[in-house]
Structure formats: C-alpha cells, structure tokens
Amino acid sequence: SHSLTLTRRALLTSAAAYAGSAVLPDAGLGRTQAEPLREFRLKSAPGTARLVPEHDGETLVWNYNGAVPGPEIRVRQGERLRITVGNGLAEETTVHWHGIRTPNGMDGVPHLTQPPIAPGETFVYEFDAVDAGTFWYHPHQRSFEQVGRGLYGPLIIEEPEPLRVDRDVTWVLDDWRLTRSAGISDDFGNGHDMMHNGRVGNTVTINGVVPDDFAVRKGERIRLRLINAANARIFGLDFAGHEPVVVALDGQPVAPHAPTEGLVVVGPAMRVDLVVDMTGGAGSRVSVVDRFYKGLDYRLVDLAYADEPLRDHSPGWPIELPANPLPDPDVGEATRHEITFNGGMMGQMVMAEMGGAMGGSSRETMDSMMNMNHGDGMWFINGRAATGHVMDPMLTLEQGRSHVLAMTNATAWHHPIHLHGHSFRVVSRNGQPTANREWQDTVLMAPREKVEIAFVADNPGDWMFHCHILEHQAAGMMGVIRVG
Ligand code: C2O
Ligand code: CU
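When you line the sequence shown up against mature numbering (1 follows the signal peptide of the UniProt record, and there is no 0), it's residues -19 to -1, 1 to 465, in that order.
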C-alpha cells in the first residue's frame, strides 16, 4: 500500500489526467462494467434570486446555472456522471460531490485533489454513481462564502427500484443572513461567527425561496429528501402530528425508525430521507417548525391540505430501502485512532469576563481579538488548527483495513464532522452502542459528546476531514486523512 502514498505533485498530475480521460483508475469501489454515461454542465456565476417573494427586490447571489439551488442532478445507481463545471465567478472555485464515494481526483478539494478552477476555466468531473441516495454538490473553495452566497445543488441517485410513494420531493434547506432590503449581509468569515456557532442567519429557504404553503392531500405518501445546505444552522424539524419515518441518513439506508424525541435533526451538510404519510384533516393547515435552538422556534412552512383527500388511509407499501455496496467494518479487528476537537469560545461567561477585562462590549472585544489572531486558527483537531491549504495528513490509514475513529468533542458547541471519500458507521455515542449503526458521511456531535465511527478505508488518496460548520472549517477545524 505504500506505493499508493502519493505526493501532492502526483495528485495534481493525476487529477489533470482524470479530467482529460474517460478511463478512470479503479478506486477499489467495485466498478465492473461500462454503464450509461450521463452528461451535465454546471456554471457558477453571480446572479439574482427571489428568495423572499413578498419583498420587492431580488437578492444578489452566486449560483449554478442561474438558479438557487443549482439544477437537481438525478441519475440511476450504476450510471456514470460526467459533469463539466465552468467558473463564471471572479475567484477560483471547485465542486465537491458531498457524500459520493468518488475517486480521489474527482473529489473537488482545491490544492489537494485538483488545482482550483480559475475564473473563465472549466474542469471535467467524472465518476460512478456507486451508492443510491440523497447527495448534494457545493464548492470547496472558500466555502463559507461561496456556499453562503448560494452555490449548492441536489444530487439524487435513484435506486434501481425506487420506493413506491405518491411523490418524491427534495427540500434543499438554507439559512441566509439577509439585510432589510433582502441583500446578503456582507460579514462573511467574521471572528464572532467563526468562534461561536458559525454563520446562523435570519431567513430560511426551501429550494431557494421563503416558502409559504406546501400543498398536500390527506392519505398521500411523500418521500421527503431533506438536504441541509446552510453554513451553520442545525435544523430540528417538528412535523406536528405527523409521524415521519427516517428511511435514510446521508443517502444511506437505515432501518426505518421514528426520529429521536420527535425531531428530525439535520445538521449542516447532512441529509435525511423521510417517508411522511399525510394524515392531517382535509382542508387543514399544519406548520412544520424548526425547534432545534431552544426558545427560538422558527415556522418553516405550512402543510396545506386540499379539500379532497387522495385516499382515506395511508398506503401499506414497504418503506425499506435496499443496502448500498458498502464494506462492513470489523470493529473488533479495527485499528483505533483517538481524535479530539478543541477550541472556540467556552460560553457567555468567558466572553463576558473578557469583555469586562478589556473594557468594551464583549462582541466588539471578541471581534478585535479575532482580527488580531486571524490566520492562527481558533479550532483544533488533535491540537492542530489547519488554515489555508492543508496538505500533510493528520492521520494515515492502512488501505483495505477497518478503522475506528474515537472522536471527542471537547468544545462547548455542536459540530457536524464530515469525512470525504467514505461512508462510516456510527457505532457508539458516549460509550453506548447506537441502535441503528447508521451509515453517515457527516456526524453531528453535541457539546462534550464522544462518538465512535467505523469504516473500511477502501478508497485510496488524501481526504478532507472537517467540521461542516463552514466558519469552523475556515478557522482551523479541518485536516487530511490519508488512505494508502
Ligand atoms: Cu460538504 Cu468537505 O464538504
Ligand atoms: Cu464545528
């Protein structure tokens, strides 16, 4: 496996080679036959969007193909995607296919898996749709601003035989920090956001618009694919009287179950597939409310029932999804790696003390401190804060073996922790085995929580490992894990 330990130069060369060639090196993901090739084009550029319909003005955004979200890329499992990305922005960009197990050179991480796409340039991504499920795409270059301004889109890979439902619906959730005139607040990457819970906004959109009603019919069954494209907001959705069933997490099927404590929790970058039976009364209205942040309930959307029911009872169709071809880790034989997350502000007390000691309001004081420290990093993985272009691995995993990452969140904040190139099983939380051993690519860790994840390191290359609160990532909470 040592021969697979590539230098940065070799990676850049191979990324360039991938782009120009239809024949990809086998990433060890079991590609066996030539599949239909599906071609797509994406172009990132500045544009406008009508995020808030009752507001007169449009919002200046950055988007793909003129829309927020970008076009839904939808293919069948086993098909091959070729996506030509053009860059119409005034700065470099890339596209990362979040949750998709691509070969390393197609992963879209600038300076690590490919050179960034310069303004006016294009890059061709090509990979197989190995796993069915709900995924998404977004830039990996200054993502706290590029994603925050509207660059993202859904990527759906259908099962060979999709679940039987009345409607298959995708909701891409985002959370914007808008000014009174519906402009995007320009304070990207400020020290306060970076040090606390990230850029939490004031306006939530579904598929790029502040929703009014979502029309449903009694008796209808909907597969609802939730994608959280927000920089930092964690959603905890209450479907008020409905009993949504979780059938997949981060695209990967899970034993169908009710959400814990009734809230459908979707951390940044995470996806939850629900089967929701519309059991409300004909003609009624029911609000879906985000209750994640205590005391800050946010009405997301109203389910508006038509007067005519579709049917009297919910259908009895099966809701179990077929498993994806993931290698099951052997936890007993796995190599164990301890990972500790540190940093950030420890809470109001510390802030207040610092503010008092320095004779200013705590917010101003923190901002000036952050400016002084800019570039030093404010969040740490195993004592290291990575900013800028991360290259040298924090961890090297032997390829083909099972590994357990025993992670400790030693901070006072939530962190959605994402690993590229692999899906992992969440095997324990705070020492307790999980009920569903769910496959995820992004696991939400509560303050002080310990989480163990396990996976077979079967996809060679250098992979990003980071918090998906994009301000935390930019402020040091990232690293590279090498498989090889
Ligand atoms: Cu969704 Cu490293 O990203
Ligand atoms: Cu974080």
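Glycine is no exception: its CB is placed at the ideal position from the N, C-alpha and C atoms. Bear in mind that the values here come from a model prediction, so they are computed numbers and not experimental data.
- A residue is called buried once 16 or more other Cβ atoms fall within 10 Å of its Cβ, and ARG145, having fewer, is exposed.
- Taking a 10 Å sphere around the C-beta of LYS199, we find 16 or more other C-beta atoms and assign the residue as buried.
- Distance check between PHE104 and each of THR75, GLU126, GLY232 places THR75 closest, using alpha-carbon atoms only.
- Residue range 451 to 455 is occupied by the alpha helix (DSSP H) that includes GLN454.
- Proximity of the beta carbon of SER124 to ligand 1 is indicated: a heavy atom of the ligand is located closer than 8 Å.
- For ASN305, the secondary structure class from DSSP, reduced to helix, strand or coil, is coil.
- Of the heavy atoms belonging to ligand 1, none sits nearer than 8 Å to the Cβ of HIS384.
- The continuous alpha helix (DSSP H) containing SER124 extends over residues 124 to 127.
- The Cβ-Cβ distance between ALA110 and VAL56 falls below 9 Å.
- Within the DSSP bridge table, the entry for MET259 names no partner.
- Around LEU386, the same chain offers HIS318, ILE320, ILE434 as residues with beta carbons nearer than 6 Å, after the five sequence neighbours per side are excluded.
- Within its own chain, the residues whose Cβ lies closer than 6 Å to the Cβ of ASP156, once the five positions on either side in sequence are excluded, are GLY182, VAL185, ALA211, ARG214, listed in chain order.
- Across the structure, VAL228 and ARG418 are spaced so that their CA atoms are roughly 13 Å apart.
- Looking at the backbone, the Cα of LEU244 and that of GLU73 are separated by about 38 Å.
- Look at HIS447: its beta carbon is less than 8 Å from one of the heavy atoms in ligand 1.
- In this structure, PRO97 sits near GLN122, with a CB-CB distance shorter than 9 Å.
- Checking the DSSP bridge columns, you'll see ILE98 partnered with THR74.
- Cβ neighbours of ARG292 within its own chain (closer than 7 Å, five residues either side excluded): GLY200.
- Distance from the C-beta of MET259 to the nearest heavy atom of ligand 2 is not below 8 Å.
- VAL270 sits away from LEU425, with the two beta carbons spaced by 9 Å or more.
- The residue among PRO428, THR151, PHE195 with its C-alpha nearest the C-alpha of GLY114 is THR151.
- DSSP places THR241 within a helical segment (H, G or I) once states are collapsed to three.
- In this structure, ligand 2 has a non-hydrogen atom nearer than 8 Å to the beta-carbon of PRO397.
- For ILE450, the distance from the CB to the nearest heavy atom of ligand 2 is below 8 Å.
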